[in-house]
Every structure is written in C-alpha cells, then in structure tokens.
Amino acid sequence: METKKSQKTLLIPALSGLLLSLLLGLAYYSYTQHERILMLLQERNFFLLEVASSTDLRVAEAQSASSTIAALTLERDDLIAKLEQEETKNEAFERQIKKISGTVGRLDKLSKTDEELLQKYSKVYFLNENYIPSRLKTIDSAFLAAGRKEQYFHADALPYLEDMLKDAKADGVNLTVVSAYRSFETQAELKGAYLQSYGSGANTFSADQGYSEHQLGTTLDFSTPDLDGSLGGFGGTEAYAWLKEHAHEYGFTLSYPEGNSYYVYEPWHWRFVGEDLASDLRRADASFYDWDQRKIDEYLIKIFD
Ligand SMILES: [Zn+2]
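Letter by letter, the sequence shown follows residues 1 to 305 in our numbering.
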C-alpha cells in the first residue's frame, strides 16, 4: 500500500512533468508556426504592395503616355491643317499670279498689235494720212501680175499670202497680185488718175485717199493671167471661185461682196484679217463690214496666230 502510494507519488510528478514539457513543446511549436505564418503573411503583403505600386506606376505611366500621344496627335493635326491652309493659300496666290501674268501677257501682245489692222473704215472713220504699216516686205515677183512693179505687203501677213498663192497654184489656179500696199500719196495719185479717166464716177469704185484699206499693207487686188492683169471680170473667174472657197483658211476675207450696202462690189479686193475672224465671218455668211467693231476687236489679239 505504502509502496503503491509512493509509486503513485513518484508517477504523478513525472507524468505532470512530461505533460508540461509536452504542452510547452506544443506551445513552442505553435508559436514558431504562428511566427512563420505571420512572416509569410507579411511577405505576401509586402509583395502585394510592391505589385500594386508597380502596377499603379505603370498605369500612371501608360496614362501619361497616352495623354502625351493625344496631345501630340492634336498638335500634329493642327500642323497638318495649318499646312493645308498654307498650301491652299499658296495655290490661290499662284493662280492669281498666273492670271495676272496672263493678263499682262495679253495686254502686252495687244499693245504690240496694230489695232488699225481690224478697223472698219468709212467716210466717217478713216486712216490717218501719216499711217505707215509697222513692217513691209516685197512680194515674190513670181506672184505679180504681168508688167507690175514691186509690190509690198505687211511682213507678218506675207507668209499667209504666199501660202495661199502657192496652194492655189497647186490646185491649178493662177492668182496674180495687181496691187498690194499703197501709200496715202499713191492712193491720191491713183484717185487722180481714175478721176481723169472716169470723172466723178470714180468715187464709186476708188476709195478716197485716207480711207483705203490698201494703206494698211494687209489688203490686195487680184487678177489672173487670163484677164491680162485687169480687175474687171474677175468675179466670173475660176480664181475668184477658188478664193471664195479657200481664202478664209489663210485669213483673207472679201471686203465688199456682191450686194453689200457699204461699198461697190469688188471681187478682186481681199483683206487679211486673220484665220479666226475670216473663218467665223464665212461661217456666219457675213462680211467684215456687217459686224460690229467691238465684236471684230476681240479677234485682234490672234490675228497672226
Ligand atoms: Zn483694192
């Protein structure tokens, strides 16, 4: 009994000690585990914070970058718009310059073109006695009517005349020049001669000196070898028929056609007015003196084109 009791007495503290140490062990274990978990938690939080902050940073960077891009895009669009505006302005300016230089060129060309060349003459409006064409050239003597002395023609219109005479010849038509440029004095002498031969009747077929188209240097009288260089009867010749058909192609027009109310019929008398005007007159079946002077003036700039 005594032994049992002492055994019990010994056993209890031992067990208690074991239990205590077990408890302590457990407590320690759980403590260390707890610490570890805490540490892990801290680490995780730290990591999360780091991730979060770096993400924020990137988002912020991205946002600022995109707003920078947006601002740059706006600026670029603005510059493009300004550039386009400048280009439009430049183009308009260029057009204006071209227009101005075109007008200047036109005016320059017009100022160098003798406006008398397309002037209608009458007893009211006539050519000044001192008028002399800017440049005269002799017509090739091969084209002159037999027995005619040197004849002069306006230098700028001469190539058209020679082309016409050559082409007529190629068509088997012999056109000869009886009279081309006549000065005021020549015209006066001629008028005197006509007056001597025909008396006052000369007024109906020879223009008074001072308003003859011959003084321009762009007008001439034709004949053919068949007529022996005379003017009468020219209206019935093949040469006249050829001129009626083709003269406009070379810029020539019949000043006083049959039935005109302006002057006596002169089938031999042709005036250079330029291809455009001559062709338009023919199309309209009109004569030079039928048209208004202002309408005729529009053709002056292209008379030698
Ligand atoms: Zn004439």
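All residues carry an ideal CB built from backbone N, CA and C; glycine is no exception.
Just so it is clear, the structure is predicted and the values come from calculations on it, not from any experiment.
Same chain, Cβ closer than 7 Å to A157, five either side skipped, listed in chain order: T218, F272
Distance CB(F222)-CB(V177) smaller than 8 Å: yes
Cβ-heavy atom distance between E266 and ligand 1 below 7 Å? yes
Cβ-heavy atom distance between D221 and ligand 1 below 7 Å? yes
Roughly how many angstroms lie between the CA atoms of I139 and E150, to the nearest whole one? 7 Å
Would you call D208 buried or exposed, if buried means 16 or more other Cβ atoms sit within 10 Å of its Cβ? With a pLDDT of 48 at D208, under the threshold of 50, the modelled position of that residue is not reliable, and no figure is offered here.
Label R182 either buried or exposed according to how many other C-beta atoms from any shown protein chain fall within 10 Å of its C-beta, with 16 as the threshold for buried. buried
Report the rounded CA-to-CA distance for D306 versus K82, giving the unit in angstroms. Since the first and last residues shown for the chain are 1 and 305, residue 306 lies out of range.
Backbone CA spacing between S122 and Q187 [nearest angstrom]: 15 Å
Along the chain, which unbroken stretches of the beta strand (DSSP E) at least 3 residues long are found entirely within the stretch 124-152? 136-138
C-beta contact flag for L216 and E115 at 8 Å: no
Give every residue of the same chain whose Cβ lies closer than 7 Å to the Cβ of E185, excluding the five residues on either side of it in the sequence, and list them in chain order. none
With 16 as the cutoff for other CB atoms within 10 Å, does G259 come out buried or exposed? exposed
DSSP three-state label for S223, please. strand
Given a cut-off of 8 Å, decide if L300 and T103 are closer than it, judged by their beta-carbon atoms. no
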